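I have placed the structure first, in the form of structure tokens, so that the comments after it can refer back to it.
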Amino acid sequence: MATKAAPQTYRFLTTAQVNQLHRVALHPRSTKPTQPTMLASAVASPVNVHHYERDKTVFQLAAVLAEKLMLNHAFQDGNKRTALLAADMFLRVNGVRLGLGVDRDGEGVYGLSRAQVDVTTRRWGVDDLARYYGGIARPVGGEKEGEEKEE
83 MATKAAPQTY RFLTTAQVNQ LHRVALHPRS TKPTQPTMLA SAVASPVNVH HYERDKTVFQ
143 LAAVLAEKLM LNHAFQDGNK RTALLAADMF LRVNGVRLGL GVDRDGEGVY GLSRAQVDVT
203 TRRWGVDDLA RYYGGIARPV GGEKEGEEKE E
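All you need for the working numbering is the position in the sequence shown, starting with 1, plus 82.
Structure below.
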């Protein structure tokens, strides 16, 4: 009798960690989100998705986190940037990182920016963002930061 493979175990970010990313990287004077319950909801979303849909990839869970952070608008400013930082940090603690070199469309960092805007304007959904993240991801510990693999 065949046994089902054990589901992947992931490390998830906490609300305090996402708030710290926002504060340190974007707004050093800002200490609290303007809508803390919306931040907590966004941070809990990938945990809940993983609990109920065990087949989701690390990229899908990162995309869920990013989408919820962008759309819940927990901070006065910098929600898209915070979402990108949080998605990258989530991926890093789970063994991969977003590559900052040229993506498959040849747009590099502009592609990341466009992807964020496409999510907030609802042109893209979670699956679109997850595919994009998967296409630009690199293993943690592979190339040095700033050095991207030639394809």
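Ideal Cβ placement from N, Cα and C applies to all residues, glycine included. Small disclaimer: the values here were computed from a predicted structure and weren't measured.
Through-space distance from residue j to residue i, alpha-carbon basis
i	j	result
residue 182	residue 120	29 Å
residue 219	residue 208	16 Å
residue 199	residue 91	30 Å
residue 116	residue 158	6 Å
residue 165	residue 134	23 Å
residue 180	residue 193	12 Å
residue 106	residue 204	28 Å
residue 176	residue 93	6 Å
residue 99	residue 131	19 Å
residue 167	residue 114	17 Å
residue 136	residue 195	29 Å
As assigned by DSSP and simplified to three states, the class of residue i
i	result
residue 128	helix
residue 118	helix
residue 144	helix
residue 222	coil
residue 180	strand
Own chain residues within Cβ distance below 6 Å of residue i, not counting five before or after
i	result
residue 172	95, 144 and 147
residue 141	212, 215 and 216
residue 27	An answer regarding residue 27 cannot be provided, because it is not within the stretch 83 to 233 covered by the chain.
residue 81	Absent from the structure is residue 81, since the part of the chain shown begins at 83 and ends at 233.
Expected contact under 8 Å - CB spacing of residue i and residue j to nearest Å
i	j	result
residue 156	residue 118	7 Å
residue 123	residue 154	6 Å
Cβ neighbours of residue i in the same chain (closer than 7 Å, five flanking residues each side left out)
i	result
residue 197	206, 211 and 214
residue 170	179 and 180
residue 127	146, 147 and 150
Check whether residue i and residue j have beta carbons under 8 Å apart
i	j	result
residue 267	residue 152	Lying outside 83 to 233, the shown extent of the chain, residue 267 is not represented and no answer is given.
residue 125	residue 97	yes
residue 108	residue 160	yes
Residues near residue i in its chain [Cβ-Cβ closer than 8 Å; skip 5 each side]
i	result
residue 191	182
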